[in-house]
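Numbering (this note's numbering), first residue to last: 188 to 366. Let me begin by presenting the structure, written as structure tokens, before commenting on it.
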């Protein structure tokens, strides 16, 4: 008799996206915009969860920042969550997150972002680094008390490829924190 087959290695799974109606509306605006330069974008549940957690913290602390309450910037938040970023994304930078607040609807927020030259490259895939980003997560959080009103967080990124090496991260401990 043949020996039993080895079990297949367990592949990490990404949680499914579960957008609210407002998040789904903004995703449609993002992915179907005539100005969108990316051909294929897909929702990533891990990015959606990160965006939502960040938006909820912003609302709870009545602030707007790509940094969290521990002063970690957007790239570090993803790396610490185990999402492998490309070598060119510095741990202490922000290549992945756009914020917005105070607009009555995702459509109004999108129109505002579309008019801002600083938000366009990230949202519309303008430039080599941005056009390669193919995964997104969106959060829309209603802030009932505070200065900002409704808060939108859009995270768009791409996973590091297997052949990418990152000397910066080797030197400065990028990636998930080791316990």
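By construction, the Cβ of each residue, glycine as well, lies at the ideal position given by its N, Cα and C atoms.
Beta-ladder partner(s) of residue i, from DSSP
i           : result
residue 322 : 229 and 344
residue 283 : According to DSSP, residue 283 bridges with nothing at all.
residue 288 : 338
residue 327 : 339
Candidates the options, of which the one nearest residue i by Cα
i           : options               : result
residue 205 : 337, 272 and 325      : 325
residue 347 : 266, 293 and 256      : 266
residue 168 : 285, 321 and 264      : Examination of residue 168 is not possible in this model, given that the chain is present from 188 through 366 alone.
residue 251 : 334, 202 and 349      : 334
residue 220 : 351, 322 and 301      : 301
residue 312 : 289, 342 and 293      : 342
residue 214 : 306, 310, 315 and 305 : 310
residue 259 : 249, 248 and 241      : 241
Straight-line gap, residue i to residue j (C-alpha atoms, nearest Å)
i           : j           : result
residue 226 : residue 345 : 14 angstroms
residue 218 : residue 211 : 10 angstroms
residue 270 : residue 317 : 17 angstroms
residue 237 : residue 308 : 21 angstroms
residue 175 : residue 268 : Residue 175 is absent from the model: the chain starts at 188 and stops at 366.
residue 256 : residue 279 : 14 angstroms
residue 349 : residue 224 : 25 angstroms
residue 291 : residue 208 : 14 angstroms
residue 319 : residue 272 : 12 angstroms
residue 222 : residue 216 : 10 angstroms
residue 248 : residue 315 : 35 angstroms
residue 304 : residue 244 : 26 angstroms
residue 293 : residue 306 : 15 angstroms
6 angstroms Cβ shell around residue i - same chain, five flanking residues per side excluded
i           : result
residue 339 : 287, 296 and 327
residue 261 : 253, 281, 283 and 284
Chain-order list of residues whose beta-carbon lies under 7 angstroms from that of residue i (same chain, five-residue window excluded)
i           : result
residue 330 : 246, 336, 337 and 338
residue 202 : 232, 233 and 236
8 angstroms Cβ shell around residue i - same chain, five flanking residues per side excluded
i           : result
residue 229 : 321, 322 and 323
residue 239 : 324, 326, 328 and 340
(request) Counting only runs of 4+ residues fully inside the stretch 247-283, write out the alpha helix (DSSP H) ranges in chain order. (result) 261-267
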